[in-house]
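In the numbering used here, the protein residues as written are 1 to 1050.
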């Protein structure tokens, strides 16, 4: 299909409405419909505002009175319009039309109208607000990426740019005819960014996750539901569950927070000054928890919240921490390839395993805490025990990112950077003996196994959480040793309970009041109903009497009318019989006339057929004769032309022979004669071509005649068929007339029935007329009462308008007061920051003074040791005086104004930033330098290999030289016995050859030595340029040529 060319547009989406129709959406908010490759329909959709914003705009328009406020509002509206332009981000088709998204958070439904298959907007469907998010007003402004319908078109599902799924039941659009509707979550709100933390509760079937979308969520992996979630202002990096499931630790970018999980909320109970805490974990007993502060692990008590111990020793950033089952040991790993096992009783390291080439990302412990499983950047799974790596399992081209070991110790699960999960048996296999499952679209960030080994939970960078059920090899579910009963306790704030109890009391009082009111109203209603019943009974008795009299009158009228109707019926029956007789006589006459016409037409058609057959026969005979004559004439003409052509060919041959004979004698005459002959034959050829064309024209004329005759025959056949059709129509007319007679009879019966129905209807109308007269009297009375009520309401409206004006003035005053309060709040915040800085400085001073006091005490303790020796004691005291008293004097003199200290802090921050930037540059330079160094090392290695090859060649050459020398000596000894003449003749050939071989080998060695020296010089120059230390003092290993010379001498 080639679409119609037009202006270039950026099409973002499309959908097929049928086999020929395609609807497309652009980035400018245009919808274009192409039918069979041509533009069929086009419309533009404007930017849509949600209903709540439209209501706010209406209220602002009402309260716009001052010119300053109106100017500010106009500027805000223009800015929002510039930022938000309509664009069609998604389109989907269904049976009635199509759905598209033109603005963030809205889907428009378009349906077909009867007018030239044009589509019209029918309904707007908006995303709902998330009241639990930190920014609820922005939660419904998500971009819709994809729209799809179920096969039955009962539900529509929508996917947004924040990884959320919403659904809408299409049946509600048919039932409700409202312009706006709202989506609902498909299941529950999901994470919209990478999941950074995951932990499982021991006492309850729940897990906690945190993400870079600033949210913390509590899930139930048994029921597959979201139990709690809350969004914060800062990004969350790690989360840990207390064993009871009532508390959790969350590491944010600014602080570590101890959060209590309430029935419907998360309450921050305690905050710790640990910035950017990437890992935290509760102990299995719940009495302790660990928090990572850069490269230090801080151990806190979860009861008193005191810092019990600090585990120092890591040089890199700590990536993972794990507690042993008895909480006696603690394992950690970092980015510099260190895995440490700590003893929490002593606070020291028990064992360590360091591999600097690996950046560890995750660790797992066996149930007895003797084996540590670690994964990192070197694409292997390591089994570490007793401070050494026992086994390494390769990843086969994938990076392992997370690891988890079962409590039973039979299975190890590993997550990869491709989002797959691998299950390995323990002991670990060295070959590719594992099962791999495709899971996530991004790298696996966290993994955890439940205490009963029945569920594996994985989280990924794509924001998804997968709950896996663990089966044994046979496909059966693993059996539990004991059935675990989960706790069902929930925390509730006392204030919430008090509020709820107060609400309960209020509701109970309200119920009692409503009951008394209902009883009173029921009594009133009973009284009113009894009175009405009496009135109605009296009315009905009167009406019954009047109706009886009317009934008697109507019966007499009815009898009179029945007599009249019987007379009329007898007259009508007589008329009908006469009309029927007349119709039958007329019909018989018409049938006779039509029969005569039909016979005449049959005779005419037979005659026409005979005439046409004769004409056709004559035409066929004439046609065959004409064709024969034409063929004979054309064959004769063709024979004549062929004879002429043969004669012409013979003449040409003769002339060519003559030309060849004459050519030798006279060349000029021959050329002229050739030209004359060519012209003659060209003329002859042209004449013959013209004659051929004339013959072709005659043939075409004859063909046209034949075609015209065939057309005449076809037309005559059509006339015959028309006559047959007319005959069939006449037969149909006869049948229709018979049906009409039957219909007239039925009509007569129906009219008699309708007369009876109309009589009944007349009586009913008379009754209704009487009732309407009664209602008219009642309505006039009600209209008078309503007029009185309208006058009272208008007075109320006037008073309400006055009150509204007073409220508007109060609102303006409130706005002014709020602006003043905001200014005072900002001033107070600035003062708070200044006081925090002063407190921080005072704390530093206090720490410095405490350190001085400690040093002074230590030095005093040393001086006390020299009590018996007065000189040493005196010298020691003098040293103390010079060391501490003078320093304190300098400290006093160094007191500076607050402005100078601020200047100092500002400069310090500036230098720290510069220092960080220089550090980054140094790191980059080191990487470049290291890459260059590795390249040079590789070149050196290649040169060493070439040198070793040359050495081997030299050895082979020396061995050959030695063999040649030994052969020369033998030949000299043998030939010394013989005569000088014969020896000179025999030795002349091979000796020369062997001397030449020795010279050649020496030349080869010299050339190779020169090449080696040249390469060494090049290597030294490159090392000097890159300021790199040369390999082995810049020289290649010396060749052992002395040994070769010794062998030659021997």
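Using N, Cα and C, we set each Cβ at its ideal position, and we do this for glycine too.
Measure the Cβ-Cβ separation of residue i and residue j and say whether it is below 9 Å.
i: residue 31; j: residue 100; result: yes
i: residue 337; j: residue 313; result: no
i: residue 584; j: residue 730; result: no
i: residue 681; j: residue 662; result: no
i: residue 232; j: residue 197; result: no
i: residue 254; j: residue 463; result: no
i: residue 160; j: residue 138; result: no
i: residue 229; j: residue 250; result: no
i: residue 92; j: residue 145; result: no
i: residue 191; j: residue 465; result: yes
i: residue 425; j: residue 412; result: yes
Tell me, to the nearest whole angstrom, how far the beta carbon of residue i is from that of residue j; I am working on the premise that it is less than 8 Å.
i: residue 374; j: residue 384; result: 6 Å
i: residue 195; j: residue 211; result: 5 Å
i: residue 297; j: residue 318; result: 7 Å
i: residue 124; j: residue 180; result: 5 Å
i: residue 857; j: residue 866; result: Contact doesn't hold; Cβ gap of about 16 Å is too wide.
i: residue 430; j: residue 393; result: 7 Å
Would you identify the three-state DSSP class for residue i, choosing helix, strand or coil?
i: residue 407; result: coil
i: residue 799; result: helix
i: residue 884; result: helix
i: residue 336; result: coil
i: residue 516; result: helix
i: residue 235; result: coil
i: residue 863; result: helix
i: residue 246; result: coil
i: residue 982; result: Here the model assigns residue 982 a pLDDT of 48, short of 50, so the residue's position is not dependable, and the following value carries that caveat. Of the three classes helix, strand and coil, the one that applies to residue 982 here is helix, per DSSP.
i: residue 18; result: coil
i: residue 382; result: strand
i: residue 735; result: helix
i: residue 200; result: strand
i: residue 11; result: strand
i: residue 889; result: Reliability of the predicted coordinates at residue 889 is poor, the pLDDT of 46 falling under 50, and no value is obtained from them.
i: residue 51; result: helix
i: residue 868; result: coil
i: residue 28; result: coil
i: residue 122; result: strand
i: residue 141; result: coil
i: residue 206; result: strand
i: residue 146; result: strand
i: residue 837; result: helix
i: residue 394; result: strand
i: residue 330; result: strand
Taking C-alpha atoms, which residue in the options lies nearest to residue i?
i: residue 305; options: 325, 256, 266; result: 256
i: residue 245; options: 280, 208, 276; result: 208
i: residue 9; options: 49, 88, 817, 948; result: 88
i: residue 485; options: 422, 205, 321, 617; result: 205
i: residue 592; options: 505, 734, 412; result: 734
i: residue 111; options: 96, 104, 105; result: 96
i: residue 737; options: 590, 747, 581, 143; result: 590
i: residue 350; options: 369, 725, 724; result: 369
i: residue 333; options: 315, 324, 537; result: 315
i: residue 46; options: 760, 104, 23, 12; result: 104
i: residue 470; options: 488, 437, 491; result: 437
i: residue 637; options: 602, 694, 572, 648; result: 694
Three-pair Cβ contact test at 8 Å for the stretch 271-288 versus the stretch 504-513: Not touching, per the Cβ criterion.
Segment contact flag, the stretch 399-406 with the stretch 444-455, C-beta cutoff 8 Å, min 3 pairs: yes
Validate contact between the stretch 457-474 and the stretch 432-447 using beta carbons, cut 8 Å, 3 pairs: yes
Contact between the stretch 566-576 and the stretch 766-785 (3+ Cβ pairs under 8 Å): no
Segment contact flag, the stretch 612-623 with the stretch 752-766, C-beta cutoff 8 Å, min 3 pairs: no
Validate contact between the stretch 340-353 and the stretch 319-329 using beta carbons, cut 8 Å, 3 pairs: Because the criterion of three Cβ pairs below 8 Å is met, the stretch 340-353 and the stretch 319-329 touch.
At least three beta-carbon pairs within less than 8 Å, the stretch 942-952 to the stretch 1002-1015: Enough Cβ pairs lie closer than 8 Å, so yes.
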